[in-house]
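Encoded as structure tokens, the structure appears first; notes follow it.
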Amino acid sequence: MSDSKTITPPSNSFKMLRAMAGIGILCGLLIVFTYEGTLPRIELLRAEALKEAIFKVVPGITQMQPFAYKNNAFVPAEESDPDVVYAGYDSEGNFKGVAIVATGQGYADVIKVIYGYAPEQEQVVGFYVLESKETPGLGDKIEKDPTFLENFTAMDVALNPDKSGLENRVITVKKGTKTHSWEVDGISGATISSRAIGEIINQSASEWAPLIYQNKTAFKSIKNE
Amino acid sequence: MNKELSNTTSSTDEFIKGLWKENPVFVQVLGMCPVLAVSNTAINALAMGLATAFVLIMSNSLVSLLRNFIPKEVRIASYILIIATFVTIIDYAIQAISVDLHKNLGAFISLIVVNCLILSRAEAFASKNTLGKSILDALGMGLGFTLGLVSLGLVREILGSGAVFGIPIMPDTFQEWVIMILPAGGFFTLAAWLLVFNLYKQKRNAL
Chain A
320 MSDSKTITPP SNSFKMLRAM AGIGILCGLL IVFTYEGTLP RIELLRAEAL KEAIFKVVPG
380 ITQMQPFAYK NNAFVPAEES DPDVVYAGYD SEGNFKGVAI VATGQGYADV IKVIYGYAPE
440 QEQVVGFYVL ESKETPGLGD KIEKDPTFLE NFTAMDVALN PDKSGLENRV ITVKKGTKTH
500 SWEVDGISGA TISSRAIGEI INQSASEWAP LIYQNKTAFK SIKNE
Chain B
1483 MNKELSNTTS STDEFIKGLW KENPVFVQVL GMCPVLAVSN TAINALAMGL ATAFVLIMSN
1543 SLVSLLRNFI PKEVRIASYI LIIATFVTII DYAIQAISVD LHKNLGAFIS LIVVNCLILS
1603 RAEAFASKNT LGKSILDALG MGLGFTLGLV SLGLVREILG SGAVFGIPIM PDTFQEWVIM
1663 ILPAGGFFTL AAWLLVFNLY KQKRNAL
């Protein structure tokens, strides 16, 4: 019995192995080539989309400069820096505000937004959704609903007296009940998505606004290459 | 039916059958997940249909080329591997074409892997036929699928957003039917198209 068992039909399993390994290698190569081939263009498009968004959320700017927060100071960012903010300047080089990227959990998936913060006025001056998978027709109104976007044209994010955090929490309220400039007028049918936006901005602004406000002199000049 | 499927069918028949007689959406009712989910606008539907057609053509060709190389025990695993590869490729390609388009299609690109239309063509056709025939079959099925998706997308976009390919066509007083761009609208539209298709078929058979 043991004799007959040692003789296994080699052709079949070898053929199977050969087929799977062969196809695996072929497919792997195809994917690697496509990835390498499309990567530069994908990165270019992403950077372009981000740049476009920066100019959208800080009105009136024509130039921008990325800054990173390192060792308690803002310095012009290098390629590899995480957590970069983008300072915007008008055509005469005057500092207008900072564009900040923020993320948070939405209804369907993580929402990635960018908003403009003007330290002089202590206001959020612009807002744009970079990535979201919110429900088409309902949740995705956070991207295009004009009355919702109106919330972020001059939203109060003033700091508290000791400049350590926000004076008033940014909060989304029920549609039509907005009474203060730091409140976000919600969207009916997109309650969770619009609340998530309020939460994302509140969290990001309480972290960044004090830092930027206290260091706003760091942004005064633009480094011209 | 069997006669038409036999090996004696001409090349044009292989192509036409996917578009009409065996249309994947209206007759075979295959691959319903993307049909219902990404047909909320005509442009999304078109992009999704073309992406699926690309994967279908490439995987059908490769499966047909390798049909004597793949033992039948591992065929499904091999087909899935081949299909997944081309889906990954089209995913990168769409990202490289437009960020916005990729944003709209999102998760549904990866889901082409499990689109039963593609696996069924690999299993039922490409693994038994020559390269030329398999490509024609994939072309027909792919375009038929695109046609089905765009038919749904057009109706849903006109009623749900009052536009065609993003261009507003309805008067300002038109109240959008929000339900049409939600998943439920996909079911309504699909049902309506199936009704039209079957009515037409019944009438023709009665003659």
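Protein chains in written order, with the numbering used here: chain A, 320 to 544; chain B, 1483 to 1689.
Just so it is clear, CB atoms sit at the ideal spot from N, CA and C, and this is done for glycine as well.
Would you kindly work out how many angstroms separate the C-alpha atoms of Thr-472 of chain A and Ser-500 of chain A, rounded to a whole number?
10 Å
By the 7 Å beta-carbon criterion, what residues does the segment 1600-1627 of chain B contribute toward chain A?
none
According to DSSP, simplified to helix, strand and coil, what is Pro-385 of chain A?
strand
Short check: CB of Gly-445 of chain A to CB of Ser-512 of chain A, under 7 Å?
Between Gly-445 of chain A and Ser-512 of chain A, the C-beta spacing is not below 7 Å.
Which residues, taken in chain order from the segment 1528-1562 of chain B, show a beta carbon closer than 8 Å to some beta carbon of chain A?
Leu-1548, Phe-1551, Ile-1552, Pro-1553, Glu-1555, Val-1556, Ala-1559, Ser-1560
With 7 Å as the threshold, decide whether the Cβ of Ile-1571 of chain B is near any Cβ in chain A.
yes
I'd like to know whether the C-beta of Ile-342 of chain A is nearer than 7 Å to at least one C-beta of chain D.
The structure shown has no chain D; the protein chains it does contain are A and B.
How would you write the range of the alpha helix (DSSP H) that Phe-559 of chain A sits in, first residue to last?
Since the first and last residues shown for chain A are 320 and 544, residue 559 of chain A lies out of range.
Between Gly-1588 of chain B and chain A, is any beta-carbon pair separated by less than 7 Å?
Yes, because at least one Cβ of chain A sits closer than 7 Å to the Cβ of Gly-1588 of chain B.
Apart from the five residues just before and just after Phe-1647 of chain B, which ones in its own chain have a Cβ nearer than 7 Å to its Cβ?
Ala-1524, Ile-1525
Need the endpoints of the alpha helix (DSSP H) that Ile-1571 of chain B sits in, please.
1557-1579
Using a Cβ-Cβ cutoff of 7 Å, what residues of the segment 356-387 of chain A are near chain B? List them in chain order.
Within the segment 356-387 of chain A, those residues whose Cβ lies closer than 7 Å to any Cβ of chain B are, in chain order, Thr-357, Arg-360, Ile-361, Leu-364, Arg-365, Ala-368.
Can you tell me which of B:Phe-1590, B:Leu-1625, B:Leu-1593, B:Met-1662 puts its alpha carbon nearest to the alpha carbon of Leu-1532 of chain B?
B:Leu-1625
Any beta carbon from chain B within less than 7 Å of Leu-485 of chain A's own beta carbon?
no
The segment 515-525 of chain A in contact with the segment 425-435 of chain A per 3-pair CB rule at 8 Å
Contact between the segment 515-525 of chain A and the segment 425-435 of chain A is present, because at least three Cβ pairs lie under 8 Å.
If you measure from the beta carbon of Gln-1577 of chain B to each beta carbon in chain A, is any gap under 7 Å?
yes
If you draw a straight line from the C-alpha of Leu-1587 of chain B to the C-alpha of Pro-465 of chain A, how long is it?
Leu-1587 of chain B and Pro-465 of chain A have their alpha carbons spaced roughly 24 Å apart.
Given Lys-334 of chain A as reference, the closest of B:Leu-1629, B:Leu-1548, B:Asn-1597 once Cα atoms are compared:
Looking from the CA of Lys-334 of chain A, the closest CA among B:Leu-1629, B:Leu-1548, B:Asn-1597 belongs to B:Leu-1548.
Ile-1564 of chain B: contacting residues in chain A (beta-carbon distance under 7 Å)
Ile-342, Cys-346
So, is the C-beta of Ala-477 of chain A closer than 7 Å to a C-beta in chain B?
No, its Cβ sits nowhere closer than 7 Å to a Cβ of chain B.
Terminal residues of the continuous beta strand (DSSP E) containing Pro-395 of chain A?
392-395
For Glu-1605 of chain B, which beta-bridge partners are listed by DSSP?
None; Glu-1605 of chain B has no bridge partner.
Beta-carbon spacing of Ser-1560 of chain B, Ile-342 of chain A below 7 Å
Going by C-beta atoms, Ser-1560 of chain B is nearer than 7 Å to Ile-342 of chain A.
Is the beta carbon of Ile-1572 of chain B closer than 7 Å to that of Ile-1536 of chain B?
In the sequence as displayed, the identity of residue 1536 of chain B is Phe instead of Ile. A contact, by the Cβ cut-off of 7 Å.
Check each candidate in B:Pro-1665, B:Leu-1681, B:Val-1678, B:Phe-1679 and name the one with the smallest Cα separation from Leu-1518 of chain B.
B:Pro-1665
Same chain only: Cβ atoms within 7 Å of Glu-518 of chain A, ignoring 5 sequence neighbours per side:
Gly-423
Residues of the segment 1626-1648 of chain B whose Cβ lies closer than 8 Å to any Cβ of chain A, in chain order
Gly-1642
Bridge partners of Leu-478 of chain A, per DSSP?
Its beta-bridge partners are A:Leu-485.
Check this for me: beta carbons of Pro-529 of chain A and Lys-482 of chain A, under 7 Å apart or not?
Yes, the Cβ-Cβ distance between Pro-529 of chain A and Lys-482 of chain A is below 7 Å.
Checking 7 Å against the spacing of the C-beta atoms, do Ser-1541 of chain B and Ala-1606 of chain B come in under that value?
no
Which chain B residues sit within Cβ distance under 8 Å of Ile-350 of chain A?
Thr-1567, Thr-1570, Ile-1571
Going by C-alpha distance, which of A:Gln-440, A:Asp-400, A:Lys-460, A:Ala-340 is nearest Thr-510 of chain A?
Checked all of A:Gln-440, A:Asp-400, A:Lys-460, A:Ala-340; the closest Cα to Thr-510 of chain A is A:Lys-460.
Strictly below 9 Å CB to CB, what residues from chain A border Val-1581 of chain B?
Those are Ile-361, Leu-364, Arg-365, Glu-367, Ala-368, listed as they occur along chain A.
Let me know if Asp-402 of chain A comes out buried or exposed under the rule of 16 or more other beta-carbons within 10 Å of its beta-carbon.
Asp-402 of chain A is exposed by the Cβ-count criterion.
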